[in-house]
Amino acid sequence: MYQIYVLTIVLLFLAIMLFFSDYYGWKYITLLKFKNYIDTHTVASAVLTGASALAVVLNTFFPVSPGPVLLGELFVQIALFVLFLYGMNVLFRKKEESEEPGKIHHGEEEPSRRHSSFVVERTHTLIETHKRNIGLCISLITLMHLIYPQGILI
């Protein structure tokens with residue numbers, strides 16, 4: 000299943016571009032352009048999120064042989080899941096901005112909405128704080144996956 004392998008490598012490179020965009024964007028303007036494109040275009044965010052979710056599922060059940068099913072590419076699955084979380088976070092922030100542009104909340108919000116916005120804000124803060132470190136980890140995982148695709152890293 001080398002089609003899944005190619006999809007995984009492409010998604011991991013896109014994740015590296017996204018997570019390094021804030022730190023190295025001043026030097027490589029392409030990184031900032033790509034991040035801005037993902038942040039402003041809902042379809043691009045949805046495609047990136049859907050592709051990363053699909054890649055996580057496919058890597059879980061169809062790892063590069065001789066890897067065992069479910070744990071064959073564990074670190075790759077974790078890296079793709081972080082990309083999925085980033086994409087979902089971007090989509091949720093866009094949804095909240097489009098629903099209430101400039102609206103000021105008065106009084107009490109409904110509990111489920113308050114909890115979901117807290118989770119989205121907390122995840123966004125956690126990802127934004129450790130973006131460079133996440134990018135370094137994903138780049139190491141990508142490098143190992145490129146050099147030795149049949150490697151079982153358990």
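Note that numbering that gives the first Met the number 0 has the sequence shown beginning at 0, numbered continuously upward. The beta-carbon is built from N, C-alpha and C at its ideal position, and this holds for glycine as well. Because the structure is a prediction, the values reported are computed rather than measured.
- By the Cβ rule, the stretch 59-75 does not count as touching the stretch 38-50, because fewer than three pairs are nearer than 8 angstroms.
- Contact check for TYR85 against LEU11 fails: the beta carbons are separated by 8 angstroms or more.
- Between PHE74 and VAL55, the gap from beta carbon to beta carbon reaches 8 angstroms or more.
- Here GLN2 is exposed: its Cβ has fewer than 16 other Cβ atoms, across all protein chains shown, within 10 Å.
- For LYS94, the secondary structure class from DSSP, reduced to helix, strand or coil, is helix.
- Counted as a single uninterrupted DSSP element, the alpha helix (DSSP H) harbouring GLN2 occupies residues 1-23.
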